Every structure is written in structure tokens, then in C-alpha cells.
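Report on the structure given below.
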DNA sequence: TCATGAAATTTCATACTTGAAATATCTCTA
DNA sequence: TAGAGATATTTCAAGTATGAAATTTCATGA
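Chains as they are written, first to last, in our numbering: chain A, 25 to 199; chain B, 25 to 199.
Here it is, written out as C-alpha cells:
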């Protein structure tokens, strides 16, 4: 589309004359590839080192921040996955003795899930390795670059912020 | 860990005194949340508007860039998913008449997959909407921010660049 | 040429994921 | 306080995803 007869060679950076729409698309594709690559690497390492899957690790990471536990819905919102999904992961983690369900006192619809002592120990070990891996994978980023990236990603640049609950939780949990 | 007795209130940005390791972890989590949110939004819109899934859309997008087709392995590498995964998605797309398999002339182990005319038409429609959605979702990012982000994401900041094949292909396909 | 190892694909078991439907419980209002 | 609507969870069918094993074909050196 928009068949440009001839393209003037770009002087500095490539694609400087591209419409913003194409630029944003390019950014999204780059973002997606980057996070997929990192995710794949972390999944592989978790599997080899701890026989652990990424979804289960994510759930344990969420629970670790909340000794009192979280409800299924809180987990689902925080991890941005469907509620039915959480059920299955918790089932498997519970079968391994990593987490346990506890009925919610005030609301009989809800269930609290929390790490067992065994789960907490296991997570502590994995978290240490995980942080080191991330540090290694993102190793070539300098302090300034990291700060810039985080700041950019934090800009309210997304029309669709479907995780308002998330924001609340993060605000509450920030230490 | 590193129990800091009391935290001096940060003057400018938060977490400025954090070790680089924690910073990188934070960046990764932010990156992951961002791309998950965008992915969820795009998935939902594709589903509602075109009854299309994201994985199938991704495959069609890859094939659209290569009229001559791609082998299963090329697809698998480009999309960063397992080879067995591609088989299933292609099976379903082929059943819908969106793509077709063609035997590789020189290598009887390989198979070429390409968009059918119907698939190409369908993808053209979806791609237009998809680009508009991305443009909308990333709408609050200005030109400069986008360029900065792309540049940062392009920095060879990742030790684990498992997709060397990808790089080749992208280099070849850049227009 | 023949054996051996590498590469492309499919198949398989298992796990993850979604969206929708089904249940159970809660909340709030008429 | 009954009952309508909202919320929390589970269940379900279908699709997605992985890693390993099995098959087929290729490539290469003895």
C-alpha cells in the first residue's frame, strides 16, 4: 500500500520518514519478539534447573509477595490470565505440595491460596537463580538504559489498561 | 535481602539506589506485563472482529511476507515456537483453506507452506485492522518515544539471542 | 556405496490457555 | 425479605505450546 515510487536514502536512522502508524507497529513487533525470546530462555532454564514451568513459577512469585494469600480472582487479575487457567495451575501446584487452598472467612465464594513452607523454600531458591538469569540476559543494558526503558514502559501510553486491579495491587505491594 | 535499616526518601525517581540486578528484574517484569496486556487486547479484537486467533494470525503474517512460501522449520524459527506447534496451526489453517502445503522440490524432507489467494485476501483485511489497533493501543507514544524504544530494544542487550535465523530473515525481508 | 549422523516433519503425552457455561454465594434494592 | 443482578470459582471443549520420540530424507566421509 502507498506505493512510493522511489525512496530517498535515509540520512541518519532508518525508517525515519515512516508514518507513525508503521512505527508503532514496528515497536510492537519488536517488543513482542524481545519478550518472547526472554521468556523462552527463562522457561528453558527453569525447566532444566528446577523442573519447573513458567506459569507455576509466576503463580508462586505472586503468592510469595502475599503471605496471607490471594484469592483465585486476585491471582487471575494480577497475572493477566483467565480464571479457569489459574484453577488448573493451582491444582497442579497443590498436588505438589507447593501451595494450599484455604476457605475465605467472610466470603464463602472465594478461596485463599498461599504458599506452603515447602513452596516458600522452593521459591526462594528459584527466585535467586531467576534474578541472576534475568540479570545475565539483560546484562548488556546499562543503568541509564534500564531506567529509560522502565520509564518509557511506565508512561501511560496504553489506551487499553485492562489491569486496573493490577495497578492497585502493585501500589499496595511496593516496598 | 540487604536489609536496609532506613530508606532515605528518593529525591527524583524511585528506586534509584537499587542494585542493577533488581533494576533489570524490574525491567523484565514491566516488559512482560506490557506485552501481555497488548497481546490480550489484540487477541480479543481479532477474535471478535474476525473470529481469528493470534497464533493463526501470526502464521499468516509470516507467510504474507513470503509469496513463495516458507518451510515448517522456517516458520517455527521465525515465530519462536516449537516445530510440533507449527504443525497443528498449519493443519487448522489448511483446513480453513487459508494456507496450503506444497512439497519442496529439492529436499523431500521439507514442505513449503504458502497463503492461498483466499488466505491472502483475508490477511490483507485483518492486517489493516491490526495496524490500526496497534496504532491506537500505543497511541500515547510520541514519535521520539517510539524511536527511543525501538533503538533500545534493538541494542544487542541480550546474551541469549536464540533466534539467529530470525535475524537473517528480517535482514533479508527489510524493505 | 554404505554407514552414520544431521536435518525436516509429524506424532505423542502433558501442560497451558482461553472463553463460555454452570454453581454457589453475595449484595442491594424494591 | 425476595429476587435480580453481580461476583468467585470450577468445569468444559477447543486451541495452543512444549519437548521428546519416531520417520523419512539428506549429506558426508571411509
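Just so you know, even glycine gets a beta-carbon here, dropped at the ideal spot from N, CA and C. Computed from a predicted model, the values in this text were never measured in an experiment.
Counted as a single uninterrupted DSSP element, the alpha helix (DSSP H) harbouring residue 141 of chain B occupies residues 141-161. Unbroken beta strand (DSSP E) runs of no fewer than 3 residues, entirely contained in the stretch 80-137 of chain B, are found at 123-127, following chain order.
In the DSSP annotation of this structure, the continuous segment of the alpha helix (DSSP H) that includes residue 178 of chain B starts and ends at 167-178. With a threshold of 8 Å between beta carbons, residue 54 of chain A makes contact with chain B. Between the alpha carbons of residue 76 of chain B and residue 129 of chain A lies a distance of about 42 Å. Secondary structure of residue 42 of chain B (DSSP, three-state): coil.
Below the 8 Å Cβ cutoff, chain A contributes 172, 176 as neighbours of residue 172 of chain B, in chain order. Under the Cβ criterion of 8 Å, residue 60 of chain A is counted among the residues facing chain B. Using a CB distance below 8 Å, no part of the stretch 135-146 of chain A faces chain B. Taking CB atoms only, residue 164 of chain B has a neighbour in chain A less than 8 Å away. Within the same chain, and ignoring the five residues on either side of residue 134 of chain A in sequence, the residues whose Cβ sits closer than 7 Å to its Cβ are 95, 128. Within chain A, the residues 155, 156, 158, 159 have their CB atoms less than 9 Å from the CB of residue 45 of chain B, given in chain order. If the five residues before and after residue 118 of chain A are omitted, its C-beta is found closer than 7 Å to the C-beta atoms of 124, 125, all from its own chain and listed in chain order. For residue 117 of chain A, no chain B residue has a C-beta closer than 8 Å to its own C-beta; the minimum C-beta separation is roughly 20 Å. Within the stretch 69-103 of chain A, contact with chain B at the beta-carbon level (separation under 8 Å) is assigned to no residue. With a threshold of 16 other beta carbon atoms within 10 Å, residue 98 of chain A meets it and is buried. Close partners of residue 132 of chain B in chain A (Cβ separation under 9 Å) are lacking, with about 30 Å as the shortest Cβ gap.
A straight-line Cα-Cα distance of about 7 Å links residue 74 of chain B and residue 150 of chain B. Assignment of residue 77 of chain A by DSSP, reduced to helix, strand and coil, places it in the coil class. Neighbours of residue 50 of chain B across chain A, judged by C-beta separation under 7 Å: 174. In this structure residue 162 of chain B touches residue 51 of chain A by the C-beta definition: roughly 6 Å separates them, less than 8 Å.
Looking at A:43, A:83, A:44, the one whose alpha-carbon comes closest to that of residue 140 of chain A is A:83. For the set A:100, A:91, A:89, the Cα lying nearest the Cα of residue 79 of chain A is the one of A:100.
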